[in-house]
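Residue numbers 8 to 340, in our numbering, belong to the letters of the sequence shown in order.
All C-beta atoms, glycine included, are put in the ideal place defined by N, C-alpha and C.
The structure presented is a predicted model; accordingly, all values stated were derived computationally and were not measured.
Accompanying notes for the structure given below.
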Amino acid sequence: MRKLWLIFSQAVTVTVAAVFVVSTLKPQWLQTMPWRDQAVVPSGVPVPAHAPPAGVLRDAPGAPAAAVGFSEAAKRAAPTVVSVITSKSAAKHPRRNDPWFRYFFGEQDNGSPQSGVGSGVIVSQDGYVLTNNHVVDRMDDIEVMLTDGRKARAKVIGTDPESDLAVLKIGLDKLPSIAFGNSDTLQVGDAVLAIGNPFGVGQTVTSGIVSALGRNQLGINTFENFIQTDAAINPGNSGGALVDANGNLMGINSAIYSRSGGNMGIGFAIPVSTARQVMDSLIRDGQVVRGWIGVEPRDLTPEIAETFNLPVKDGVLITGVLHNGPAAKGGLR
């Protein structure tokens, strides 16, 4: 009996030593052993015929499908967004051809021609293009290039510096036109796409959300009611489209807040509700006519109210009335 126990102990010792040597010097041999990938499961528990490999996650039952991108919105809106290429001739001195002027002052350097690239949105199949006023302001030549490669010289129908909007017209046929949305329904957090031609590199689509609504007192335009977004907007995007997840026009990209000149996640767009009113006026009349009162207003502060012994502490104080203005003609003194 003792002899059998001694033989068994020696066999176990040799086996353990052999496994240790193999696992140290040739561990790959152990990877091929048939028992290596077997799992121990309690009896009665069904094992799937095609269980996923370790580390592969599967959707839980009832889990929502993966989020859908904005490709359909981009396909719908992108063809209506154009590049606006502008140029301005160098300024020429009015007496440059006078020989006496050239004799005393020499050949005057008239400076270099100016050029720029912005964006625009085709708003009708008639060829009307909506863009920013600062894109086309005081430019001699304006050319519009579509995404299909077609180009056309553009005519300025009207500009409105107060809102920084302008309407152009091109003479091409079979033009796509964007669908107008309702910017009054926008809410903070809604997904939006910015489409334009940043830095002249070609049409680019960026995504973001509505960061804020009704931004004003920024010193950009006279009339400000901006949509703020973190969708990347860079130089060249001006005049481009801000669209919702369905590709509907929600705003005209107009400005950015930046310390470096590049995108910092704070961009501003003119709401389509404002842009459409200005556009209709420019197409119809060539200008925007706004009502005015003809007074000099000033915010009423508690200090001013106390000085004049007024019964109210806030409001507007009229400090002057323009002669022959609407208020004066109405009897306001």
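Beta-carbon within less than 7 Å of residue i's beta-carbon, same chain only, minus the 5 sequence neighbours each way: which residues are those?
i	result
GLY178	GLY134 and ALA159
ASP4	Since the first residue of the chain shown is 8 and the last is 340, residue 4 is not available in this structure.
ILE240	ALA201, ASN260, ILE263, ASN270 and GLY274
PRO341	The chain is shown from 8 up to 340; residue 341 falls before or after that span and cannot be answered.
VAL250	ALA80, ALA84, VAL199, LEU200, ILE202, LEU256 and MET257
ALA276	PHE233, ILE234, THR236, LEU249, GLY258, ILE259, ASN260 and SER261
VAL88	SER126, VAL128, ILE202, GLY203, GLN210, GLY247 and ALA248
ALA161	VAL136, ILE149, GLU150, VAL151, LEU175, LYS176 and ILE177
Would you decide whether residue i is buried or exposed? Buried here means 16 or more other CB atoms lie within 10 Å of its CB.
i	result
THR20	exposed
TRP42	Confidence in TRP42 is poor, its pLDDT being 42 and thus under 50, which makes the residue's placement unreliable; the coordinate value appears in the next sentence. Result: exposed.
THR22	exposed
THR326	exposed
PRO168	exposed
GLN235	buried
ASN331	exposed
SER3	What the structure shows of the chain is the stretch from 8 to 340, and residue 3 is not part of that stretch, so it cannot be assessed.
SER126	buried
GLY215	buried
VAL295	buried
ASN139	buried
ALA282	buried
GLU310	exposed
THR5	Outside the shown range of the chain, which is 8 to 340, sits residue 5, and nothing can be said about it.
VAL323	exposed
SER170	buried
VAL319	exposed
PHE315	exposed
GLU313	exposed
ALA219	exposed
PRO213	Checking the displayed sequence, the identity of residue 213 turns out to be Thr instead of Pro. Per the 10 Å Cβ criterion, buried.
PRO55	With a pLDDT of 42 at PRO55, under the threshold of 50, the predicted position of this residue should be treated as unreliable, and no value is reported.
LEU182	buried
LEU289	buried
ASN228	buried
LEU172	buried
LEU193	buried
GLY298	exposed
GLY188	buried
Provide the residue span of the alpha helix (DSSP H) that contains residue i, from first to last.
i	result
GLU310	309-314
LEU289	279-292
SER261	Run containing SER261: none in the alpha helix (DSSP H); it sits in the beta strand (DSSP E), 256-263.
GLU79	78-84
ALA335	333-336
Assuming residue i contacts residue j (C-beta within less than 8 Å), just tell me the rounded distance between them.
i	j	result
ALA252	ALA80	5 Å
GLY207	VAL124	4 Å
PRO355	GLY258	Coverage of the chain is limited to positions 8 through 340, which leaves residue 355 absent and any answer about it impossible.
SER94	GLN132	Incorrect: roughly 27 Å between the Cβ atoms, too far for contact.
GLY196	VAL174	So it is not a contact: roughly 32 Å between Cβ atoms.
VAL130	VAL136	7 Å
Tell me the residue span of the beta strand (DSSP E) that contains residue i.
i	result
SER94	88-95
ARG160	158-160
HIS248	The displayed chain sequence assigns Ala, not His, to residue 248. Unbroken beta strand (DSSP E) run through ALA248: 248-251.
ALA173	172-176
THR326	322-328
PHE233	233-236
VAL151	148-152
Given residue i, which residues of its chain have a CB within under 6 Å of its CB, disregarding the five upstream and five downstream residues?
i	result
ALA186	ASN255
PRO53	Bear in mind that the predicted position of PRO53 carries a pLDDT of just 42, short of 50, making it unreliable; the figure below should be weighed with that in mind. Hits under 6 Å: none found.
VAL302	ILE325, VAL328 and ALA334
GLY293	GLY165
SER90	MET152 and ASN204
ARG305	LEU324 and THR326
ASP148	SER94
LEU339	VAL328
SER122	SER94
ILE300	PRO333 and ALA334
Cβ-heavy atom distance between residue i and the ligand GTP below 8 Å?
i	result
GLN235	The ligand GTP is absent from the structure shown, which contains no ligands of any kind.
Tell me which same chain residues have a C-beta within less than 8 Å of the C-beta of residue i, skipping the five on either side of it?
i	result
ARG222	GLU231, ASN232, PHE233, ILE234, GLN235 and PHE275
Less than 9 Å between CB atoms is the rule here; does residue i satisfy it with respect to chain B?
i	result
GLY338	Structure shown: chain B not included; a single protein chain is present.
- request: Let me know the alpha helix (DSSP H) ranges lying completely inside the segment 117-143, each 4 residues or longer, listed in chain order.
  value: Listed in chain order, the complete alpha helix (DSSP H) runs (minimum 4 residues) inside the segment 117-143 are 140-143.
task: List in chain order: all unbroken beta strand (DSSP E) runs of 3+ residues lying wholly within the segment 181-228.
output: Listed in chain order, the beta strand (DSSP E) runs fully inside the segment 181-228 are 198-203 and 211-222, counting runs of at least 3 residues.
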